[in-house]
Amino acid sequence: MSEIKKEDSQVNMPSPILSNQISSEETVGQVRELTDVEKARMQDGTAHFSRLGWKRLTVVLIVEAIALGSLGMPQAFATLGMIAGTILCVGLGVLAIYTSYVVGQVKLKYPSVQHYADAGRLMMGRFGYELLGVMFVLQLTFLVGSHTLTGSIAFLNLTDNGACSIVFGVVSAIILLLLALPPSFSEVAILGYIDFASIILAIGITIIATGVQRGQIGMAADWSAWPAKDATFVDAFVALTNIVFAYSFAICQFSFMDEMHTPKDFVKSIWVLGIIEIVIYTLTGALIYSFVGQSVQSPALLSAGPLISKIAFGIALPVIFISGSINSTVIGRYVHGRMYRDSVTRFINTPKGWITWILIIATITVVAWVLAEAIPFFSDLLAISSSLFISGFTFYFPAMMWFMLIRQGSPFSKKNLALTALNALCFVIGVVILVGGTYSSIKDIMHRYSTGSVRGAFSCASPA
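Per my numbering, the sequence shown starts with residue 37, numbered consecutively.
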């Protein structure tokens, strides 16, 4: 603990500033001491970004994690069957809690790790830093894109296709941009309670509505305990990656923990979040699938019928945009912090800090909107994102961290044998999802375009 405290004090101490970031009159590369004004801004910035306790961290993790993943669960259950769907939902959830614990242990051992890319540097040097940095930005941009797409679907549903879907995509992107402007995660936590209530109410209404509709029909839905008879390898892997997508909270954990005033309390947060996720996802997938059957749609809110789906989408608007915006904030913090690592500007409490921050958030939002328009179908957008990135951030990267950064002693010693097997399992699962999921996602996207079962990119038609 003494080493951790020592490193923390070094991180929080005001650092010299490179003159080429402050004044053009000084020699480039010259190091000078901070002025009193800069010291005050540095201290204010450090205090502003160190306000998260474990309860607020839980709320922020809920905002980031429990959103679109739950809306894809029923269709995943329809493909995989009730038994496999439930086992995978619970099993992958438990593994995600463990790998999140490993990520937290790395943060405690190496307090200077601010984002996932920094852990990549510890494992693989500069190459790891750059590789994980690119993956980090791309995955979170995909997440913002998926929220842009869902916002467009919601507005189209609410207005009975009242305008071109591109227009609603732009509206969704603007809302996500505005909500992403506050740079501190503790500020996002205030909106987290609205976010959580929004998704719980929307899912609850959908479950009740589909149950009532099934009762009025008077006959059981065509759900099955076993995988769908016509399900292919590609269908199964797309469904699996939709479940993996739901457990993607580890990717932002370093970023969130960097604002905690007592980082060791993170364990409470991941257990609360993990249990809540497993319960919500399993019940949402199982109940809606059992009420609707094989015709269940994705996002699941579309399965509630014309009127109820409008109500559900209306209630779900906060979670669509609040949860989406926090991903833009995380990317922005990483990029902005990297650009101004040794400058007061990184605290976003100066005119230059705010201007550059807004430009970064706007750029992220535009790229995310382009992604949403280029891959305008919900399940495959989630699937390709999960396969390429979440497979690593949730499974094989934490396993590598345990072997390379956390493990003490031989991996085959008696005390490490069980953990060696567990982390090896996480690594294998991650690699299988990376390879099989990426292949399946690309094949499914190509098949959908070739058969004309989805709209084209940048089209006014409703997304699939």
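Backbone N, C-alpha and C fix where the C-beta goes; we use that ideal spot for every residue, glycine too.
- With a contact defined as Cβ atoms closer than 8 Å, valine 280 and aspartate 480 miss out at about 15 Å.
- In the DSSP assignment, leucine 276 is bridged to no other residue.
- Within a 10 Å sphere around the beta-carbon of tyrosine 376 sit 16 or more other beta-carbons, which makes this residue buried.
- Residue nearest to phenylalanine 433 within the set Lys450, Ala460, Ser446 is Ala460 (criterion: CA-CA distance).
- Put simply, the backbone Cα of phenylalanine 327 is about 8 Å away from that of tryptophan 259.
- Distance from valine 95 to serine 359 at the Cβ level is roughly 12 Å; contact not present, criterion being Cβ atoms closer than 8 Å.
- The alpha carbon of valine 173 has as its nearest neighbour, out of Val138, Leu455, Ile367, Ile396, the alpha carbon of Ile367.
- Apart from sequence neighbours up to five positions away, the residues of its chain that approach methionine 440 with a beta-carbon distance below 7 Å are Met159, ordered along the chain.
- Scanning Val274, Ile314, Ala454, Pro147 for the CA closest to the CA of leucine 417 turns up Val274.
- A direct Cα-to-Cα measurement between threonine 318 and alanine 103 gives close to 14 Å.
- Inter-segment contact for the region 167 to 183 and the region 302 to 311 is absent: fewer than three beta-carbon pairs are separated by less than 8 Å.
- Its Cα nearest to that of leucine 88, the residue Ser220 stands out among Lys145, Gly105, Ser220.
- By the CB criterion at 8 Å, threonine 186 and serine 339 fall outside the cutoff.
- Burial check for leucine 214: the Cβ neighbour count within 10 Å stays below 16, so the residue is exposed.
- Put simply, the backbone Cα of leucine 107 is about 12 Å away from that of phenylalanine 113.
- Contact between the region 377 to 396 and the region 343 to 362 is absent: fewer than three C-beta pairs spanning the two stretches fall below 8 Å.
- Proximity of the region 179 to 195 to the region 398 to 408 meets the contact definition, three or more beta-carbon pairs being nearer than 8 Å.
- Between the region 285 to 293 and the region 144 to 161, the count of Cβ pairs shorter than 8 Å is three or higher; the stretches touch.
- Within a 10 Å sphere around the beta-carbon of histidine 372 sit 16 or more other beta-carbons, which makes this residue buried.
- Listed in chain order, the non-local C-beta contacts of phenylalanine 431 below 6 Å within the same chain comprise Cys462, Ile465, Gly466, local neighbours out to five positions each way being set aside.
- For lysine 265, there is no enclosing alpha helix (DSSP H), as DSSP marks it with neither H nor E.
- For methionine 109, the enclosing alpha helix (DSSP H) begins and ends at 109 to 116.
- Around the C-beta of phenylalanine 285, 16 or more other C-beta atoms lie within 10 Å, and the residue is accordingly described as buried.
- Under DSSP, leucine 88 takes part in a beta bridge, and its partners are Met296.
- By the C-beta density criterion, glutamine 252 is exposed, having fewer than 16 other C-beta atoms within 10 angstroms.
- Of the candidates Leu93, Ile411, Ala435, Ser498, Leu93 places its Cα closest to the Cα of isoleucine 226.
- DSSP places serine 495 outside both helix and strand once states are collapsed to three, so it counts as coil.
- The beta carbons of serine 345 and asparagine 197 sit no closer together than 8 Å.
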